[in-house]
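Shown next, in structure tokens, is the structure this report addresses.
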Amino acid sequence: MFLLFFVLMINFTAITCSNSENLDLSSSYEPELEIVNVTFQEAPNFNVSKSLYSFVWHESVRLLGNIKWESLIYYYIYPNVYENKILYAIRNLEENTCLKFERSYSQKREPTTKIMYKIHENVCKSRVGKQKSENTIIDLTVSCTHLYGTTAHETLHALGLRHEHQRNDRDEYITVNTSNVPNKSRFNLEGESHTFYGVRYDYSSIMSYGPPHFGEKAKNTLVAKNISLYTNMMGQRDLITFSDFKLVNHTFYGVRYDYSSIMSYGPLHFGEKAKNTLVAKNVSLYTNMMGQRDLITFSDFKLVNYHYCNCTFSEITCKNGGYIRDPRCGQCVCPKEYTGGKCEQIKDRSINCDLKKYNVSETSQMFESSGIRRCIHYFKTSNDSRIGIYLMYVNTKHKELCREDIGLEVKYLNDKGTTGLCLCGIYEDIFLFSESNEVVITYTGLESSNWFYGFYKKVLKSIKKEDEICYKDKCFIEPEKKPQEIPDKKLNTEKSIETTTTQQAKLHTEESLQEKPDIIEGPNCTPHC
């Protein structure tokens, strides 16, 4: 325990923005925007000191079903099922993993078992992983079939992924408040022994519940620990994260916990009286990232890829958290901020904004963005140093569930595939120290009043030995992640496969079960299916 003094001598800004139309920069369109005028005003010096709290991150791997699908997976969609979102999720998986899917127009199991999508009156659920002698059924309500996040979430269950918030290392990242959860639903929040292949916890994973999931009276059940910034990243269902894709490829090998995973519940999931059941630990800023159902994160894809598509003898080493999709050891799949054969080059994803590159020195400098646009800020310093980032003020569009590309995302960890800290709303005085000598910050302004500014400077590793984030007088430190050996797949005997599969092929519920009721009562699907 020691004191860290991070002193920045600053002149901060007041920014005046012209009016522009509201625009969704998460779309593929490149909008035409007015250039905003920026004015600077002088302000007093700012001095801050923060206390540090030690933190230990345990390597863990999540064990998926041992009976794996073949690289070609057959699927069947019942005639009364709306199929557009299903087909889109399948196309995403094919683009980001080695898996291939082929549509079947027969309900029969021959020549092999398949994934089957069918309508259920009032539940969304899926079995976890391939079944030994029967088809894997995905039940969806009519409303759920129109939600990309739900169909993607359940499809990942069918491929073998379990929930992000049930990882055996989850207690290092989130707080689970079972006191907010009815007894009949608490099994949904129990930790399990999974294989994660070292994939980092991703708060934004599509396999995470959101903070209020299962909570009574809108109380959070899941909360990011110590620093709440991550809480609103949990539970998104917009996209499959990079970590989610990575898991499909490898089964959690080396992939960190991703608060934004589509396999995570949100903070209020299962909670009673609107109380949080899941809370991000240490960095509570992550809590609002949990439970998103908009997208499959990079971590989600990575885990799928690790499970099915592992390349053992590649001469290519992917940088910045990238992974090799092809089991024949082809090129790297890169996080969205990087490109190149080894993910070694920064990628310009800006919309109506120039890519901003900063050569970070020991002199603190200001940076900012404002208005309706997407701006990429790339910081790099010498290999013997870290980068200190001070976000003095952030004002982005408020979202209850925050994910990438709808606010401000800060990637300060070495693995740029893990969803960064996502901020949607108004925040002040956030301090970050990078794990490596690179930081990428993506600003996505969706309203003309959106803007942020902050400062950066070089910090020698001999002085600052750990990466860290500080907010509201609480700090979070992680030791550097140690490499983990890939499990020998030859050790999976037929007997062990049957035993593990019997245990893990229990019917996994997203909304309800006859034996173990879950989220929903009634025919409609919640955003956290």
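Numbered per mature numbering (1 follows the signal peptide of the UniProt record, and there is no 0), the sequence shown spans residues -17 to -1, 1 to 512. Every residue, glycine too, gets a C-beta built ideally from N, C-alpha and C.
Is residue i helix, strand or coil by DSSP?
i    : result
L35  : Bear in mind that the predicted position of L35 carries a pLDDT of just 23, short of 50, making it unreliable; the figure below should be weighed with that in mind. Of the three classes helix, strand and coil, the one that applies to L35 here is coil, per DSSP.
E463 : The predicted model places E463 with a pLDDT of 49, which falls under 50 and marks its position as unreliable; any figure quoted below should be read in that light. Coil, per DSSP.
E85  : strand
L268 : strand
Q90  : coil
R369 : strand
L374 : strand
R386 : coil
I69  : helix
S419 : coil
S187 : strand
T224 : strand
T133 : helix
R110 : strand
L144 : coil
T119 : strand
S247 : strand
Is there a Cβ of chain B sitting closer than 8 Å to that of residue i, yes or no?
i    : result
E383 : In the displayed structure, chain B is absent; only one protein chain is listed.
From residue i to residue j, what distance separates their C-alpha atoms?
i           : j    : result
K83         : I121 : 18 Å
S417        : E451 : 7 Å
F335        : T133 : According to the sequence displayed, residue 335 carries Asn and not Phe. About 32 Å.
H136        : L55  : 20 Å
C326        : I98  : 33 Å
Y410        : S352 : 15 Å
F296        : R311 : 9 Å
R183        : M273 : 14 Å
I359        : G437 : 14 Å
F435        : K339 : 15 Å
S87         : Y291 : 21 Å
T270        : Y100 : 32 Å
D241        : L222 : 13 Å
I157        : H148 : 8 Å
G400        : S226 : 6 Å
T300        : Y321 : 14 Å
Y71         : K447 : 45 Å
T224        : D283 : 5 Å
V106        : I460 : 41 Å
K382        : A263 : 17 Å
N118        : K394 : 40 Å
L130        : E77  : 19 Å
D367        : F414 : 20 Å
N397        : D154 : 22 Å
I60         : N75  : 17 Å
N166        : E173 : 12 Å
K444        : N420 : 10 Å
E392        : V164 : 31 Å
E85         : R145 : 24 Å
residue 513 : N79  : The chain is shown from -17 up to 512; residue 513 falls before or after that span and cannot be answered.
residue 513 : H140 : Examination of residue 513 is not possible in this model, given that the chain is present from -17 through 512 alone.
H103        : E66  : 15 Å
R356        : S187 : 23 Å
G143        : E53  : 13 Å
T128        : F350 : 43 Å
V442        : S365 : 10 Å
In the DSSP assignment, what residue or residues form a beta bridge with residue i?
i    : result
W434 : S353 and N378
K440 : G371
E392 : C405 and T425
T128 : According to DSSP, which records beta bridges pairwise, T128 is partnered with nothing at all.
I241 : First, the residue type needs correcting, since residue 241 is Asp and not Ile in the sequence shown. D241 pairs with D185.
Y59  : M99
F414 : Y373 and C453
Practice task
Could you name each continuous alpha helix (DSSP H) segment of 4 residues or more that falls completely within the stretch 279 to 365, going from the start of the chain to the end?
Solution key: Runs of the alpha helix (DSSP H) spanning 4 or more residues and lying entirely within the stretch 279 to 365 occur at 287 to 291, in chain order.
Problem - Contact between the stretch 274 to 283 and the stretch 360 to 375 (3+ Cβ pairs under 8 Å) - result: Here the stretch 274 to 283 makes no contact with the stretch 360 to 375; the two share fewer than three CB pairs at distances below 8 Å.
Exercise for the section: Could you tell me whether the stretch 339 to 350 touches the stretch 299 to 306, where touching means 3 or more Cβ pairs closer than 8 Å? Expected result: Proximity of the stretch 339 to 350 to the stretch 299 to 306 falls short of the contact definition, fewer than three beta-carbon pairs being nearer than 8 Å.
Handout entry: Validate contact between the stretch 453 to 461 and the stretch 377 to 387 using beta carbons, cut 8 Å, 3 pairs
Key = Contact annotation: the stretch 453 to 461 does not touch the stretch 377 to 387, with fewer than three C-beta pairs closer than 8 Å.
Handout entry: Cβ contact check for the stretch 404 to 414 and the stretch 310 to 330: 3 or more pairs under 8 Å
Key = No, because fewer than three Cβ pairs between the stretch 404 to 414 and the stretch 310 to 330 fall closer than 8 Å, the two stretches do not touch.
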